[in-house]
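Counted from 1, the sequence shown has number 61 at position 61 by my numbering; the numbering is strictly sequential. A virtual CB, placed ideally from N, CA and C, is assigned to each residue, including glycine. In what follows, a single structure is set out as structure tokens and then discussed.
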Amino acid sequence: VQLQASGGGLVQAGGSLRLSCAASESKFSIKGMGWYRQAPGKQRELVARITNDGSTYYLDSVKGRFTISRDNAKDTVYLRMDSLKPEDTGVYYCNVLTYWNGDFWGPGTLVTVSS
């Protein structure tokens, strides 16, 4: 599975960004798609995930501010991030979870929120 992410950048606190991640050359059945982030000096954490049946998961700190969605026909996942805070700063990684072949990672896109 090849993953191509886009949409990161620099934004002021309170602003918005939308991340996109498209999966291509997938030979495996995709179970879910999501986004992780890693802040400087911290462990990578799951921010949001959406599964094939539309079920979603959100990290508590982003609930009500971030929205994950997916275009199944295009194998593309989006993360709309509103009311961004400086603590949302980090490298965001797209993740694809397959049914039987583990998971795959995108190259990461940097999100910087200035105060």
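Measure the alpha-carbon distance for residue i versus residue j and round it to whole angstroms.
i: residue 27; j: residue 98; result: 10 angstroms
i: residue 103; j: residue 14; result: 32 angstroms
i: residue 44; j: residue 57; result: 16 angstroms
i: residue 106; j: residue 3; result: 5 angstroms
i: residue 53; j: residue 83; result: 27 angstroms
i: residue 23; j: residue 32; result: 11 angstroms
i: residue 1; j: residue 55; result: 22 angstroms
i: residue 86; j: residue 73; result: 34 angstroms
i: residue 40; j: residue 92; result: 12 angstroms
i: residue 60; j: residue 42; result: 17 angstroms
Just to confirm, are residue i and residue j a CB contact at a threshold of 8 angstroms?
i: residue 46; j: residue 66; result: no
i: residue 109; j: residue 5; result: yes
i: residue 20; j: residue 8; result: no
i: residue 88; j: residue 81; result: yes
i: residue 36; j: residue 101; result: no
i: residue 10; j: residue 114; result: yes
i: residue 48; j: residue 30; result: no
Rounded to whole angstroms, how far is the Cβ of residue i from the Cβ of residue j, which I believe are closer than 8 angstroms?
i: residue 90; j: residue 111; result: 6 angstroms
i: residue 34; j: residue 50; result: 7 angstroms
Have a look at the DSSP bridge pairing and note the partners of residue i.
i: residue 71; result: 76
i: residue 109; result: 92
i: residue 97; result: 32, 103
i: residue 11; result: 113
i: residue 3; result: 23
To test your reading of the DSSP string, which unbroken alpha helix (DSSP H) runs of 4 or more residues are found completely within the segment 14-62? none
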